[in-house]
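Peer 1: Everything in the sequence shown is counted per my numbering, starting at 2 for the first residue and increasing by one.
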Amino acid sequence: MALPFNPRRQTENEQQTSAGPRYSVQWPTDRSAYRNNHFQLDQKPLEAFDAMTSSAVYAAVSVIAQDVARMNVNHLRELDSGAFTKLQSPIFDSFRRPNGYQSRSDFLLTLMLSILLDGNAYAWAPTDSAGRPLGLHPRAPASVQPSVDPDTGAVFYTMNVSEDDPVSGLVSSRMVTVPAREMLHARIFCQRHPMLGESPLRAATYPVFHGRNIQRNQTELFAKRASPDGIISFKSGIKDGYARKLAAEWSARYAPGGPGGVAVLDQDASWHPTVMTAADAQLVEQYRLSVFDVARIYRIPAHMVGLTEEGGPQFNNAETLSRLYYNQCLGFWLEHFEAAIDHHFNLPSNERIEFDVEAALMRTDRMAHVDASAKAIQSALMTPNEARRQHHLGPLDGGDSLYLQRQMRPIDDPEEPEPAPMTEPAPEPAQQPEESEEQSARAALERMQLASELGAARCKIAELQAQLADAEGQSA
Numbered sequence: 002m003a004l005p006f007n008p009r010r011q012t013e014n015e016q017q018t019s020a021g022p023r024y025s026v027q028w029p030t031d032r033s034a035y036r037n038n039h040f041q042l043d044q045k046p047l048e049a050f051d052a053m054t055s056s057a058v059y060a061a062v063s064v065i066a067q068d069v070a071r072m073n074v075n076h077l078r079e080l081d082s083g084a085f086t087k088l089q090s091p092i093f094d095s096f097r098r099p100n101g102y103q104s105r106s107d108f109l110l111t112l113m114l115s116i117l118l119d120g121n122a123y124a125w126a127p128t129d130s131a132g133r134p135l136g137l138h139p140r141a142p143a144s145v146q147p148s149v150d151p152d153t154g155a156v157f158y159t160m161n162v163s164e165d166d167p168v169s170g171l172v173s174s175r176m177v178t179v180p181a182r183e184m185l186h187a188r189i190f191c192q193r194h195p196m197l198g199e200s201p202l203r204a205a206t207y208p209v210f211h212g213r214n215i216q217r218n219q220t221e222l223f224a225k226r227a228s229p230d231g232i233i234s235f236k237s238g239i240k241d242g243y244a245r246k247l248a249a250e251w252s253a254r255y256a257p258g259g260p261g262g263v264a265v266l267d268q269d270a271s272w273h274p275t276v277m278t279a280a281d282a283q284l285v286e287q288y289r290l291s292v293f294d295v296a297r298i299y300r301i302p303a304h305m306v307g308l309t310e311e312g313g314p315q316f317n318n319a320e321t322l323s324r325l326y327y328n329q330c331l332g333f334w335l336e337h338f339e340a341a342i343d344h345h346f347n348l349p350s351n352e353r354i355e356f357d358v359e360a361a362l363m364r365t366d367r368m369a370h371v372d373a374s375a376k377a378i379q380s381a382l383m384t385p386n387e388a389r390r391q392h393h394l395g396p397l398d399g400g401d402s403l404y405l406q407r408q409m410r411p412i413d414d415p416e417e418p419e420p421a422p423m424t425e426p427a428p429e430p431a432q433q434p435e436e437s438e439e440q441s442a443r444a445a446l447e448r449m450q451l452a453s454e455l456g457a458a459r460c461k462i463a464e465l466q467a468q469l470a471d472a473e474g475q476s477a
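#1: Unbroken alpha helix (DSSP H) runs of length 4 or more, entirely within the stretch 64-130: which are they?
#2: Pick out whichever of SER115, ALA84, ASP241, ASN386 has its Cα sitting closest to the Cα of TYR59.
#3: State the beta-bridge partners of PRO147 as determined by DSSP.
#4: Since ARG140 is in the beta strand (DSSP E), which residue starts that stretch and which ends it?
#5: Given this structure, state the Cα-to-Cα distance separating PHE157 from ASP343, to the nearest angstrom.
#6: How would you label SER95, buried or exposed, when you count the other beta carbons within 10 angstroms and need 16 or more for buried?
#7: So, do the stretch 118-130 and the stretch 140-156 have three or more beta carbon pairs nearer to each other than 8 Å?
#8: Give a yes or no on whether the C-beta atoms belonging to SER374 and HIS392 are separated by under 8 Å.
#9: Using a Cβ-Cβ cut-off of 8 Å (strictly less than) and excluding sequence neighbours within five positions of THR54, which residues of its own chain qualify?
#10: Where do the ends of the beta strand (DSSP E) carrying ALA490 lie?
#11: First and last residue of the alpha helix (DSSP H) that includes ARG448?
#12: With a CB to CB cut of under 7 Å and the five nearest residues on each side skipped, what residues in its chain are close to PRO99?
#13: Grouping DSSP H, G and I as helix and E and B as strand, with all else coil, what is VAL1?
#14: Between the alpha carbons of TYR243 and GLU250, how many angstroms are there, rounded?
#15: Among residues of its own chain, excluding the 5 on either side of ALA463, which ones have a beta-carbon nearer than 6 Å to its beta-carbon?
#16: With contact counted as at least three CB pairs below 8 Å, one residue from each stretch, are the stretch 296-309 and the stretch 189-206 in contact?
#17: On the criterion of 16 or more Cβ atoms from any shown chain inside 10 Å, does LEU469 qualify as buried, or is it exposed?
#18: Given a cut-off of 8 Å on the beta-carbon distance, is the pair PRO385 and LEU397 in contact?
#19: Exposed or buried, which one is GLY154 when buried takes at least 16 other CB atoms within 10 Å?
#20: Say whether the stretch 61-79 touches the stretch 322-342, bearing in mind that this needs 3 or more beta-carbon pairs closer than 8 Å, one atom from each stretch.
#21: Can you tell me which of the three DSSP states PHE356 falls into?
#22: Report the option in GLU387, GLU447, LEU118 whose CA atom is closest to the CA atom of GLU48.
#23: From the DSSP output, which residues share a beta bridge with PRO1?
#24: According to DSSP, is LEU290 helix, strand or coil?
#25: If we call anything under 8 Å between Cβ atoms a contact, is PRO91 one with GLU183?
#26: Given SER169, which residues of its chain have a CB within under 6 Å of its CB, disregarding the five upstream and five downstream residues?
#27: Excluding the 5 residues preceding and the 5 following ALA467 in the sequence, name in chain order all residues of the same chain whose CB lies nearer than 6 Å to its CB.
#28: Just the Cα atoms here: how many angstroms apart are VAL285 and THR321?
#29: Mark ILE232 as exposed unless 16 or more other C-beta atoms lie within 10 angstroms of its C-beta, in which case mark it buried.
#30: Rounded to the nearest angstrom, what separates VAL292 and GLN216 at their Cα positions?
#31: Which residues in the same chain as LEU335 place their Cβ atom closer than 7 Å to its Cβ, once the five residues preceding and following it in sequence are excluded?
#32: Kindly indicate which three-state DSSP category HIS39 falls into: helix, strand or coil?
#33: Using DSSP's beta-bridge definition, name the partner residues of SER56.
#34: Is the distance from the Cβ of ASP269 to the Cβ of LYS236 below 8 Å?
#35: Mapping the DSSP letters down to three states, classify MET368 as helix, strand or coil.
#36: Taking DSSP's pairing of strands, which residues face PHE235 in a bridge?
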């Protein structure tokens with residue numbers, strides 16, 4: 002089957018230099034100012050895996066990665082009419098089932114975690130002799146090294162393949178070099194080299210370590226129980242031996258795991274539970290600030306990582322909050338990945354890759370989806386059957402036509418619309434002539450006579466029935 006796009010063939014330069022000399026793309030080695038987090042030299046560089054131990058980073062990264070992973074990837078082609086149609090192409094099949102060990106959601110989740118934490122996302126995309134993709138295999142950023150031929154400028158990627166790697170059966174060595182046409186590479190913030198991206202975590206070092214230190218200190222504090230639950234005070238002094246005995250008995254009964262019960266104190270003793278101090282309250286605000294900084298770095302709305310404040314967004318409209326999240330944060334990541342995929346597969350100008358945002362964002366708001374479909378039908382943007390397909394319903398007879406109100410006309414049309422054709426009015430029923438007073442009186446007299454005769458007939462019938470009954474009784 003021929004591909005619906007023009008595949009990127011291996012160039013002559015790539016063929017000549019596939020085994021020739023290359024230089025590796027790596028960070029500049031001029032002193033330590035170019036290492037990761039170079040502007041925060043008093044802190045240990047924040048590694049991607051280590052950063053996920055921070056609940057703030059985990060929440061921010063998982064929000065974006067999980068939302069991208071639940072979207073379908075469509076291959077669209079623009080028709081001469083300007084409309085787009087979905088293609089069942091090898092590219093679509095590659096994202097629907099990227100490889101034999103991952104689903105579409107697993108694959109996209111892996112790519113998003115790589116680019117969010119490391120700034121680079123790699124996927125090996127081997128092709129057959131006709132240029133058709135044979136699958137997509139995500140690669141860990143640490144196992145891929147870009148390189149460039151110094152003479153031709155051709156880009157290559159060297160992969161480290163371990164024995165337990167899922168792609169180990171597809172390669173013949175542990176070091177594999179492939180041309181750029183077989184490596185899907187998405188990257189962000191390429192400030193120091195166009196082939197190497199940098200993660201937003203570069204700016205999150207201080208907030209992450211700040212929040213982690215707060216959590217660690219509080220964990221050690223509560224583990225050692227340095228802050229008592231309360232204080233028993235006496236109006237008069239007590240002996241040291243009695244104080245120790247009272248503390249031991251109190252701990253044995255009311256410490257976690259103790260039997261509990263009713264506390265009985267001496268006459269001059271009183272219990273004062275400890276409360277959160279102003280310093281402790283400031284500590285909570287400091288930790289909230291560290292979480293907010295991480296959310297701000299990834300441009301995630303604060304309410305999506307659990308930070309809700311008075312005057313913030315209200316959770317009464319899921320669609321509005323989803324639109325805010327898409328415009329502020331998610332939209333860039335989707336379009337950035339779409340552009341990277343378009344570039345890798347060298348799609349023509351009338352084709353593109355698109356994530357199905359509407360289905361994912363509006364799936365949780367059923368009423369908004371129904372209202373949008375109803376308005377689209379009323380404004381002739383889609384037919385009833387097209388709207389029904391969006392709701393996974395079958396077609397109806399006559400549902401492939403567009404509907405629009407008759408009184409609508411172009412605004413620049415000065416002529417009034419033609420009036421609707423007039424129909425002949427239905428004939429009115431013939432009126433009965435009015436009766437005169439004499440005719441009414443005669444009719445009333447006739448009705449009275451008929452009623453009198455009817456009464457006499459009924460009496461005669463009753464008399465005959467009685468005589469008949471007597472005659473039957475005598476003959477018996």
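C-beta: ideal position from N, C-alpha, C; glycine also. From a predicted model like this one, the values you see are computed outputs, not experimental measurements.
Peer 2: From the atom records:
#1: Here the runs fully enclosed are 91-97, 105-119.
#2: SER115
#3: TYR158
#4: Counting along the chain, the unbroken beta strand (DSSP E) around ARG140 starts and ends at 138-140.
#5: 19 Å
#6: By the 10 Å Cβ count, SER95 comes out buried.
#7: yes
#8: yes
#9: Within the same chain, ARG213 come within 8 Å of THR54 by CB-CB distance, once the 5 residues on both sides are set aside.
#10: The requested residue 490 is not part of the displayed model; the chain covers only 2 to 477.
#11: 438-476
#12: So the qualifying residues of the chain are ARG105, PHE108, GLY136, LEU137.
#13: Lying outside 2 to 477, the shown extent of the chain, residue 1 is not represented and no answer is given.
#14: Near 10 Å, if we compare the C-alpha coordinates of GLU250 and TYR243.
#15: none
#16: yes
#17: exposed
#18: yes
#19: exposed
#20: With the rule of 3 Cβ pairs closer than 8 Å, the stretch 61-79 counts as touching the stretch 322-342.
#21: When DSSP states are grouped into helix, strand and coil, PHE356 belongs to the strand group.
#22: LEU118
#23: No statement about residue 1 is possible, as the shown extent of the chain runs from 2 to 477 and does not include it.
#24: If DSSP states are grouped into helix, strand and coil, LEU290 belongs with the helices.
#25: In terms of Cβ geometry, PRO91 and GLU183 do not form a close pair [threshold 8 Å].
#26: These residues qualify, in order along the chain: VAL162.
#27: none
#28: 30 Å
#29: exposed
#30: 12 Å
#31: The answer, listed in chain order, is VAL69, PHE356, VAL358.
#32: With a pLDDT of 42 at HIS39, under the threshold of 50, the modelled position of that residue is not reliable, and no figure is offered here.
#33: DSSP, once it has assigned bridges, lists no residue as partnering SER56.
#34: yes
#35: Per DSSP, reduced to three states, the secondary structure at MET368 is helical.
#36: ALA270
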